[in-house]
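Chains as they are written, first to last, in the working numbering: chain A, 11 to 191; chain B, 403 to 1155.
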Amino acid sequence: MKNNLFLMALVAFAQFTFQSCGDVENPPNPNEEELITSVELNFTNEDNSSDVRTFVFKDADGEGGSAPTDFDTIRLASNSVYALNVRFLDESGDTPEDITVEIAEEANDHLVCYTTSAGTSVNITDEDGNKLALGLKAQVTTTDVGTGTFMLSLKHQPDIKTGDCALGDTDVEVTFEMEVE
Amino acid sequence: MRKIFAVLLLIGSSTFTYSQITISGVVLDSITQEPLSLALVSIKNSQILTNEQGGFSIANLTKGLHLLTITHIGCENRRYQLSLERDTTIAFFLPHHLHTFDEVISYGHRNNSEPGTHLIQRINHSKLEKIAAITLSDALQESNGVNFLKTGASIAKPVINGMHSNRISVINDDSKQEGQQWGIEHAPEIDPLSAGTIEVIKGAYTLSFGGDAMGGIIRLLPAPFDDTSYTKVVLMAKGETNPRGGQIGVKLENYNAIKSWSQRLIINAKRNGDAKAPGYVLSNSGFGQLSGSYYSLFDTENSQISFSATGFVQQLGILSTSHIGNLTDLNRALASDTPLRVNPFTFTVGSPSQFIRHYSSKIKWSTDHKTFGKISSSYTIQNNHRQEFDSHNGGSNSALDLNLWTQQLNVIVDKHLHDFRWHYGLSGEYQSNVGNGRYFIPNYFRYKSGAFAVATVEKEKHLVEGGIRYDWQLTDAFLYENKALVNNQLYFQGLSANVSGWRAVSEDVKIHVSLATRYRNPGINELFSNGLHHGSAALEFGDIDLKQERSYSANTAVFYNHNRVRIQLEPYFYYFNDYIYLKPSGETQLTIRGAFPVFNYVQTNATYTGTDFDLRYRLSDQLTAIGKTSLILVKDVKNKTYIYGIPAQQFNARIKYTFAKMLNVHNGHLWLNGRYTAKQKNVEPNEDFADTPEAYFLLNLEFGGQIMEGPLHFNFGVRNLLNTTYRDYMNRYRYFADDIGINTYITINYKFK
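Below, the structure is given as structure tokens:
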């Protein structure tokens, strides 16, 4: 601290007198906050229950920091019908946490929306307490062979949910590449 | 403290009488020495207007103490305590000339009691009361070169020479107001009614308050008290239509001459609902505010002790449509001409919102020492607690919570010796910041100390002033990096210096020059931002290796004041070494919420070139035309680019009619004001989310005065008279919604005495 006596005296005085203004030295650990780091899409072929495909987006250190570690391309069979199960996870800590449970509990405030390229259609099959679509479960129907995108977004819509995707805050928005084989 | 600035000169005395005394005299302009006719002179129950030669005479007075009051349009009322023993003739010099234009703004006049009166614009309390300055931006609207960044109806940040936030300081008496000032949507937490006198200071004198106020300083001082014992109650109220709501303020003031004790209590409450743009409601833009202050002063023969406490609590809605989750939301908002969320008008503040509390307390002691001169010392403690809520968790838990404690110690010595003034002092500051919720800036301790000295030589026709200041700062920050708690200690020190002066070239022309070098330590957000700026769809990254930013500046000012014309021309030039700013990187980063544009805090070399211009012309005794302009150009000279986020060029024209009496309105005014804000063209292509807004023109109108020379003053006005649809480049809401439409307001000010 060079030789600034006055500043040193001030530091000493301040530390002696005012240590009680809150716990400066122990900030909250941002890793302990609730965070969605991963999306897991689980497709089960409705005609062939052994055809199960799982695709993942994972960015364990959250927004900023390093780039996502997993960003799968969705590959589905053509002219098939799949049951889709979506899971949202917090994998920032040592043990992964399933956020889907909380979303299901607050179903009236949440909506999972899907936007897909032509050829593939998504029908939401679950509902919230107000009989509005929720989107954690859906039926995905593919047609001909081709490539495109599959966008999933999780909307937080407290007290404003109408089923419209344009409303609310976006908690998750991931655009997967998709190949229909 | 209680000196009457007008010079009172006893010209002569004559004939001895027993009981019936006549006072006669002349009222003159203190600067031009010209007689002031139609000034109202009151003593006891007699009132008389001065004649063409400024003369008056009042007979049949008794021996003893009398209170004489002089009222003249464009002047403050002057009160003189006279002890009459015999027939007396007196010349009264009213500083009328300064007030020719009614705007009570003085530029470093000789009679200022403060040292180093280099570049000070002062707006005094009677002016503030008269315009019923309900916000800081109202109060400073007449000053030259101070503009405001406005976000919604409630957030206004001062801008001087194109600079704001960390490059401007707001000083309460002698210590800096400390809040989370780095945010463009964080306004200074000040109760506007508590500001008695507002000064805008540039030049060497600013070194008394810190070295980092590159653009200048806005200093708030308590209003002086009157000379004789009194109790005064002033009621101030405002009602307005857009945003619908109102404000009520009470000021209680008491001076006890026997105990030499003055006290003032101010309480101010404000509540406004959603504002309206032409065509739709700006949903969730309402706010509520409760603020106030207590000030107590013991003023004895050669020492003064004062105590002050202030409080400011504000709940502030954030335009709901402006709070966006990701770029898709932003693009959807940009593509839509009207906001995506428009609800019916309400007074209720929903989420997202901010809840801000600022409390401060100050003890100040000053004494006149025979050898050292005037010694002032003060201790200030401030607490600033900012909570931001998003719509995410339903507004119950704050998403961002920053609690800032600041303690400041100042000792200032001020020695006058004939024409020489010597002004020096020490300051120390201790600050701690504790955050909760999501990370935005780290927890930290910050220790600051500084020493300064300013020497001034003041002669009749010129003033030269030189000052230096040295500051030390240690920041001790605690944050998580890669899941581990780390402690960063950053040490900064540096020298600021300023030489300034003015010279009266002739009776009418005065020229100021100020040359300075100052530095600013990188702010806590500039060093440590790391991640998503929620609500604004940007990833912002600080840089712990940022160096100090240093400015070299030349400010000049030319004042011309002759008969009907007053001109103030204030060109400036700043060169910044290692200028810190938030630069769009042009890249996006993929996150689970989609891709976000990345902004980095970077350093470059930059220049600010600009001028403020103020021209006033008295078309007649009652009619004044005022033109004001602020021009600015900011360049990154290293990369040869423009810098993002600089105010656009502004042009202001006002025609003002003042009158002594019309119907039952006395000392009235009527003005029409046109403000043209040009399109900000000095931007880099494709850097911003949206094109810069088009130029716009706003028309404002106000009528006001005093009812029957009584205790009631009023103002009635209309802002955005034409209900123009516009968006302003410096308003963060511009991406999402139009600015505020027509607003009609009425303010009243009632004095009980």
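The beta-carbon is built from N, C-alpha and C at its ideal position, and this holds for glycine as well.
- Query: According to DSSP, is residue 540 of chain B helix, strand or coil?
  - Reply: Collapsing the DSSP output to three states places residue 540 of chain B in a helix.
- Message: Are the CB atoms of residue 1050 of chain B and residue 1080 of chain B within a distance shorter than 8 Å?
- Response: Closer than 8 Å, so yes.
- Pairwise C-alpha distance: residue 689 of chain B and residue 644 of chain B: The alpha-carbon atoms of residue 644 of chain B and residue 689 of chain B are separated by roughly 12 Å.
- Query: Which residues, in chain order, does the stretch 109 to 127 of chain A contribute to contact with chain B at a C-beta distance below 7 Å?
  - Reply: Answer in chain order: no residues at all.
- Would you decide whether residue 133 of chain A is buried or exposed? Buried here means 16 or more other CB atoms lie within 10 Å of its CB. By the 10 Å Cβ count, residue 133 of chain A comes out exposed.
- What whole-angstrom Cβ distance do residue 547 of chain B and residue 1014 of chain B have, given they're in contact under 8 Å? About 4 Å separates the Cβ atoms of residue 547 of chain B and residue 1014 of chain B, confirming a contact at the 8 Å cut-off.
- Return the residue from the list B:992, B:1145 and B:1141 that minimises the CA-CA distance to residue 724 of chain B. The shortest Cα separation from residue 724 of chain B among B:992, B:1145 and B:1141 belongs to B:1141.
- Message: Any beta carbon from chain B within less than 8 Å of residue 87 of chain A's own beta carbon?
- Response: So no, residue 87 of chain A is outside the interface.
- Query: Any idea what DSSP makes of residue 968 of chain B, helix, strand or coil?
  - Reply: Of the three classes helix, strand and coil, the one that applies to residue 968 of chain B here is strand, per DSSP.
- Spatial neighbours of residue 910 of chain B in its chain, beta-carbon cut-off 7 Å, leaving aside the 5 residues before and after: Same-chain partners within the cutoff: 962, 963 and 964.
- Query: Can the beta-carbon of residue 87 of chain A be found less than 8 Å from the beta-carbon of residue 55 of chain A?
  - Reply: Remark: C-beta atoms of residue 87 of chain A and residue 55 of chain A approach each other more closely than 8 Å.
- Query: How would you call residue 182 of chain A, buried or exposed, if buried means at least 16 neighbouring beta carbons within 10 angstroms?
  - Reply: Buried.
- Nonlocal neighbours in the same chain, by C-beta distance under 6 Å from residue 834 of chain B, ignoring five residues either side: Only 807 and 847 meet the Cβ criterion.
- Message: Using a Cβ-Cβ distance cut-off of 8 Å, determine whether residue 38 of chain A contacts chain B.
- Response: Answer yes: the Cβ-Cβ gap between residue 38 of chain A and chain B drops below 8 Å somewhere.
- Query: Do residue 1113 of chain B and residue 1152 of chain B have their C-beta atoms closer together than 8 Å?
  - Reply: Cβ atoms of residue 1113 of chain B and residue 1152 of chain B: closer than 8 Å.
- Message: By DSSP's criteria, residue 732 of chain B is part of a beta bridge. Which residues make up the other side?
- Response: Under DSSP, residue 732 of chain B forms no beta bridge with any residue.
- Kindly confirm or deny that the stretch 1015 to 1025 of chain B and the stretch 96 to 109 of chain A touch, where touching means at least three C-beta pairs closer than 8 Å. In this structure the stretch 1015 to 1025 of chain B does not lie against the stretch 96 to 109 of chain A, because fewer than three pairs of beta carbons, one per stretch, are closer than 8 Å.
- Message: I'd like to check one pair, residue 613 of chain B with residue 871 of chain B: are the Cβ atoms closer than 8 Å?
- Response: Going by C-beta atoms, residue 871 of chain B is nearer than 8 Å to residue 613 of chain B.
- Message: Can you give me the C-alpha to C-alpha distance between residue 498 of chain B and residue 930 of chain B, rounded to a whole angstrom?
- Response: Its pLDDT being 49, under 50, residue 498 of chain B is placed unreliably by the model, and the measurement read from it follows with that caveat. Computed Cα separation, rounded: 53 Å.
- Task: Output yes or no for whether 8 Å exceeds the beta carbon distance between residue 1008 of chain B and residue 1046 of chain B.
- Result: Contact flag unset, no.
- Grouping DSSP H, G and I as helix and E and B as strand, with all else coil, what is residue 414 of chain B? With a pLDDT of 35 at residue 414 of chain B, under the threshold of 50, the modelled position of that residue is not reliable, and no figure is offered here.
- Please compile the residues from chain A whose C-beta is within a distance smaller than 8 Å of the C-beta of residue 837 of chain B. Taking a Cβ-Cβ cut-off of 8 Å, the neighbours of residue 837 of chain B in chain A comprise 37 and 38, given in sequence order.
- Boundaries of the beta strand (DSSP E) in which residue 603 of chain B is found, first to last residue: It spans 599 to 604 - the beta strand (DSSP E) in which residue 603 of chain B sits, taken as one unbroken run.
- Query: How big is the Cα-Cα spacing for residue 147 of chain A and residue 735 of chain B?
  - Reply: Residue 147 of chain A and residue 735 of chain B: Cα-Cα distance of roughly 29 Å.
- Query: Quick one: which chain B residues come within Cβ less than 8 Å of residue 187 of chain A?
  - Reply: Chain-ordered listing is empty here: chain B has no CB closer than 8 Å to the CB of residue 187 of chain A, the nearest sitting near 13 Å.
- Message: If I follow the unbroken alpha helix (DSSP H) through residue 1045 of chain B, where does it start and stop?
- Response: Annotation: residue 1045 of chain B is outside any alpha helix (DSSP H) and is labelled neither H nor E by DSSP.
- Task: Use the C-beta contact count for residue 608 of chain B: other C-beta atoms within 10 angstroms, 16 or more gives buried, fewer gives exposed.
- Result: With 16 or more other Cβ atoms within 10 Å, it is buried.
- Message: Using a Cβ-Cβ distance cut-off of 8 Å, determine whether residue 160 of chain A contacts chain B.
- Response: No, residue 160 of chain A does not count as interfacial toward chain B.
- Message: Would you say the beta carbon of residue 1084 of chain B is closer than 7 Å to some non-hydrogen atom of the ligand SAH?
- Response: By its list of ligands, the structure shown contains no ligand whatsoever, and the ligand SAH lies outside what it can speak to.
- Quick one: what's residue 1105 of chain B bridged to in DSSP? Residue 1105 of chain B pairs with B:1072 and B:1118.
- Query: Do the CB positions of residue 496 of chain B and residue 481 of chain B come within less than 8 Å of each other?
  - Reply: Residue 481 of chain B sits away from residue 496 of chain B, with the two beta carbons spaced by 8 Å or more.
- Query: Should residue 523 of chain B and residue 602 of chain B be called a contact, given that it needs their Cβ atoms to be closer than 8 Å?
  - Reply: The answer is yes: Cβ separation under 8 Å.
- Message: Going by C-alpha to C-alpha distance, which of B:1150, B:559, B:703 and B:978 sits closest to residue 1134 of chain B?
- Response: Per the Cα distances, B:559.
- In whole angstroms, what separates the C-alpha of residue 780 of chain B from that of residue 697 of chain B? Per the coordinates, the alpha-carbon of residue 780 of chain B lies some 14 Å from the alpha-carbon of residue 697 of chain B.
- Between the beta-carbon of residue 57 of chain A and the beta-carbon of residue 67 of chain A, is there less than 8 Å? With contacts defined by Cβ atoms closer than 8 Å, residue 57 of chain A and residue 67 of chain A do not form a contacting pair.
- Using only alpha-carbon positions, find the residue among B:537, B:913 and B:997 that is nearest to residue 72 of chain A. Among B:537, B:913 and B:997, the Cα nearest to that of residue 72 of chain A belongs to B:997.
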